[in-house]
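Undergrad:
In the working numbering, the protein residues as written are 125 to 550.
1) Does any heavy atom of the ligand FAD sit closer than 8 Å to the C-beta of residue 480?
2) Please identify the residue among 271, 491 and 160 whose C-alpha is closest to the C-alpha of residue 543.
3) Distance, Cα to Cα, residue 152 vs residue 295?
4) What ranges does the alpha helix (DSSP H) occupy inside the region 457-521, keeping only unbroken runs of at least 4 residues that lie completely in it?
5) Output needed for residue 530: all residues of its chain with C-beta closer than 7 Å, excluding positions within five of it in sequence on either side, in chain order.
6) Let me confirm a value: residue 525 is counted as buried when at least 16 other C-beta atoms fall within 10 Å, else exposed. Which label applies?
7) Checking the sheet assignment: what are the DSSP bridge partners for residue 535?
8) Kindly indicate which residue of 212, 324, 487 and 185 has the alpha-carbon position closest to the one of residue 255.
9) May I ask you to report which of helix, strand or coil DSSP gives residue 427?
10) Name, in chain order, the residues that DSSP records as bridge partners for residue 566.
11) Do you know how far the Cα of residue 189 is from the Cα of residue 266?
12) Grab me the residues of residue 101's own chain with a C-beta within less than 7 Å of its C-beta, minus the 5 sequence neighbours each way, in chain order.
13) By DSSP, does residue 289 sit in helix, in strand, or in coil?
14) Could you name the residues of the same chain whose beta carbon sits closer than 6 Å to that of residue 258, not counting the 5 residues immediately before and after it, in chain order?
15) By a C-beta neighbour count over all protein chains shown, 10 Å radius and 16 as the cutoff for buried, is residue 323 buried or exposed?
16) Quick check: the Cα distance between residue 146 and residue 171, rounded to an integer number of angstroms?
17) Which value, in whole angstroms, describes the spacing of the CA atoms of residue 234 and residue 493?
18) Looking at C-beta atoms only, is the number of pairs between the region 377-396 and the region 342-360 that lie closer than 8 Å three or more?
19) Restricting to Cα atoms, I'd like to know which of 533, 532 and 541 is closest to residue 523.
20) In three-state DSSP terms, what is residue 378?
21) Is it the case that the region 442-456 contacts the region 498-511, given that we only count it when at least three CB pairs across the two stretches are under 8 Å?
22) Comparing C-alpha positions only, which one of 341, 519, 144 and 197 sits nearest to residue 374?
23) What does DSSP give as the partner residue(s) for residue 334 in the beta ladder?
24) I need the straight-line Cα distance from residue 278 to residue 271, nearest angstrom please.
25) First and last residue of the beta strand (DSSP E) that includes residue 348?
26) Check residue 526 in the structure and name its three-state DSSP category.
27) Out of curiosity, what's the CA-to-CA distance linking residue 405 and residue 358?
28) How would you call residue 474, buried or exposed, if buried means at least 16 neighbouring beta carbons within 10 angstroms?
29) DSSP on residue 364, reduced to helix/strand/coil?
30) Am I right that residue 414 and residue 329 are in contact with their C-beta atoms under 8 Å? What's the rounded C-beta distance?
31) Between residue 450 and residue 368, what straight-line distance do the alpha-carbon atoms span, to the nearest angstrom?
32) DSSP puts residue 342 in a beta bridge; with which residues?
33) Taking the alpha carbon of residue 382 as the point to measure from, which residue in 352, 364, 214 and 408 has its own alpha carbon closest?
34) With a floor of 3 residues, list each beta strand (DSSP E) that falls wholly inside the region 150-215, ordered by position along the chain.
35) Can you tell me whether residue 328 is helix, strand or coil according to DSSP?
36) Since residue 175 and residue 166 should fall inside the 8 Å C-beta cutoff, what is the C-beta to C-beta distance between them, to a whole number of angstroms?
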């Protein structure tokens, strides 16, 4: 009994050290990266140490776990040796195991980790200095352990580079947004906006462009007065001009340039030299990402580009507004007259124009239809049906029922969609 009393302070000291390691692990992994970076910029040294540790998260976690296990095992062995003397035989080992399991679980794991979860940022900053020392001390051992782990995984066909980052920044942000939206802390519109920013790098201009069949163009061979009339009728500030055939774009006419030319000609419209005010068209490949195109728009200080395929054939046009609408939603002004194309009905179904994009439909109704294989709702139906459906046909997929209302030639122009919670049995 005297031996047990003598070693009790040592065991509790080891458990206290293990508790610090557990708290450090939980606090470091749960600390706000954004707040740590802001504190670091403000000159907080503790936050700077936290950022250094999080810069190599795998090394930090490995070192902390190693220290935690060393203290837990050492405390357990000391307790087992003492209990073996007090209670001879297997019962002493069993008693030591039971007591140490309870002590480690409560005081070295659950209690410190609970505190660290509640005050992650503060605990991380408080324990950053000792944790950094532990990482430096155990660094060579952890590096060797990582090497062994990777070589072992290689035997099972899992390739893991030494420099691999476990968490992708974009997915971490997206996950945080989705979590806070589910908790009611982020509104649906804000969720779509933040998600739209993250999606820019994953989307091509072909997914948001105006298709060539819907482009308003003007014949460059018309008279200046006729070009002015068509420009006013279009309602657009920029118009492509073609010669011979609509896909042979020779220039882009800006309304401001036309107005300036009218002013310079003292209102003599027929005296305007249209060739002098037409701007050179800017052609971009359809595989350009929205993120790159947004940067290109800002760099070139222009808001209008024509999209071509790999053969140079015109596919559509994209504007700065098209890209911004992927973030903030539909942008309309006093000259926009196009309907949204989404019309909910009293029976819970929705009438949708075939040209409506899946992303716009998801945003409007808070749905989650996939947009990996198609851009528009009609394209999604054709992809799933593996053919161009006839008017009146009905299909069910992705927990929705789609009925073709109108078809013109080879285009599906109108559908009715029943979501999962309102549709009737087929």
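By construction, the Cβ of each residue, glycine as well, lies at the ideal position given by its N, Cα and C atoms.
TA: Well, looking at it:
1) The ligand FAD is not among the ligands present in this structure, which contains no ligands whatsoever.
2) Here residue 543 refers to the residue found at position 419 when the chain shown is read from its first residue. For the set 271, 491 and 160, the Cα lying nearest the Cα of residue 543 is the one of 491.
3) Here residue 152 refers to the residue found at position 28 when the chain shown is read from its first residue. Here residue 295 refers to the residue found at position 171 when the chain shown is read from its first residue. A straight-line Cα-Cα distance of about 19 Å links residue 152 and residue 295.
4) Annotation note: the region 457-521 contains the following uninterrupted alpha helix (DSSP H) runs of length 4 or greater, listed N- to C-terminal: 482-489 and 501-509.
5) By 1-based counting over the chain shown, the position of residue 530 is 406. 515, 537 and 538.
6) For the purposes of this step, residue 525 is taken as the residue at position 401 of the chain shown. Classification of residue 525: buried, given that the 10 Å Cβ count is 16 or more.
7) Along the chain shown, read from residue 1 onward, the residue named residue 535 stands at position 411. Answer is 532.
8) As a first step, residue 255 is located in the chain shown; it is residue number 131 there, counting from the start. Taking only the C-alpha atoms, the option nearest residue 255 is 185.
9) Position 303 of the chain shown, counting from 1, holds the residue named residue 427. Here residue 427 carries a coil assignment [DSSP, helix/strand/coil].
10) With the chain covering only 125 through 550, there is no way to say anything about residue 566.
11) If you number the chain shown from 1, residue 266 lands on position 142. If you number the chain shown from 1, residue 189 lands on position 65. Separation of residue 266 and residue 189 (C-alpha to C-alpha, rounded to the nearest whole angstrom) is 10 Å.
12) Because residue 101 is not part of the residues shown, which for the chain are 125 to 550, the question remains open.
13) Here residue 289 corresponds to residue number 165 of the chain shown, with the count starting at 1. With a pLDDT of only 46 at residue 289, under the threshold of 50, the placement of this residue in the model should not be trusted, and no figure is reported.
14) What you label residue 258 is simply residue 134 of the chain shown in a count that begins at 1. Around residue 258: 187 and 191.
15) Indexing the chain shown from 1 puts residue 323 at position 199. Residue 323 comes out buried.
16) Indexing the chain shown from 1 puts residue 146 at position 22. Indexing the chain shown from 1 puts residue 171 at position 47. In a straight line, the C-alpha of residue 146 is about 19 Å away from that of residue 171.
17) Position 110 of the chain shown holds residue 234. Position 369 of the chain shown holds residue 493. When rounded, the distance between both Cα atoms is 41 Å.
18) Here the region 377-396 makes contact with the region 342-360; the two share three or more CB pairs at distances below 8 Å.
19) Position 399 of the chain shown, counted from the start, is the residue given in the question as residue 523. If we check each option's Cα against that of residue 523, 541 comes out closest.
20) Mapped onto the chain shown, residue 378 falls at position 254. In the three-state reduction of the DSSP assignment, residue 378 falls in the strand class.
21) A contact is defined here as three or more CB-CB pairs under 8 Å, and the region 498-511 fails this definition with respect to the region 442-456.
22) Numbered from its first residue, the chain shown carries residue 374 at position 250. Taking each of 341, 519, 144 and 197 in turn and checking the Cα distance to residue 374, the smallest one comes out for 341.
23) Mapped onto the chain shown, residue 334 falls at position 210. DSSP links residue 334 through a beta bridge to 441.
24) Locating residue 278 in the chain shown gives position 154, counting from the first residue. Locating residue 271 in the chain shown gives position 147, counting from the first residue. Distance between the alpha carbons of residue 278 and residue 271 is about 11 Å.
25) Taking the first residue of the chain shown as position 1, residue 348 is located at position 224. No beta strand (DSSP E) contains residue 348, which is instead part of the alpha helix (DSSP H) from 348-358.
26) Residue mapping note: residue 526 aligns to position 402 of the chain shown, counting from 1. When secondary structure is reduced to three states using DSSP, residue 526 falls in the strand class.
27) Numbered from 1 along the chain shown, position 281 holds the residue referred to as residue 405. Numbered from 1 along the chain shown, position 234 holds the residue referred to as residue 358. Straight-line Cα distance between these residues: approximately 19 Å.
28) Here residue 474 corresponds to residue number 350 of the chain shown, with the count starting at 1. Buried, because 16 or more other Cβ atoms sit within 10 Å of the Cβ of residue 474.
29) Numbered from its first residue, the chain shown carries residue 364 at position 240. Reduced to three states, the DSSP call for residue 364 is strand.
30) Start at 1 with the first residue of the chain shown, and residue 414 comes out as number 290. Start at 1 with the first residue of the chain shown, and residue 329 comes out as number 205. Sure, about 6 Å apart at Cβ, within 8 Å.
31) The residue given as residue 450 occupies position 326 in the chain shown. The residue given as residue 368 occupies position 244 in the chain shown. Note on geometry: alpha-carbon atoms of residue 450 and residue 368 lie some 34 Å from one another.
32) Working through the chain shown from its first residue, we reach residue 342 at position 218. Bridge partners of residue 342 according to DSSP: 365.
33) What you label residue 382 is simply residue 258 of the chain shown in a count that begins at 1. Among 352, 364, 214 and 408, the Cα nearest to that of residue 382 belongs to 352.
34) Counting only runs of 3 or more residues that sit fully inside the region 150-215, no beta strand (DSSP E) segment turns up.
35) Locating residue 328 in the chain shown gives position 204, counting from the first residue. DSSP places residue 328 in the strand class (E or B) of the three-state scheme.
36) Here the question's residue 175 lines up with position 51 in the chain shown. Here the question's residue 166 lines up with position 42 in the chain shown. At roughly 12 Å, the Cβ-Cβ gap does not stay under 8 Å, so residue 175 and residue 166 are not in contact.
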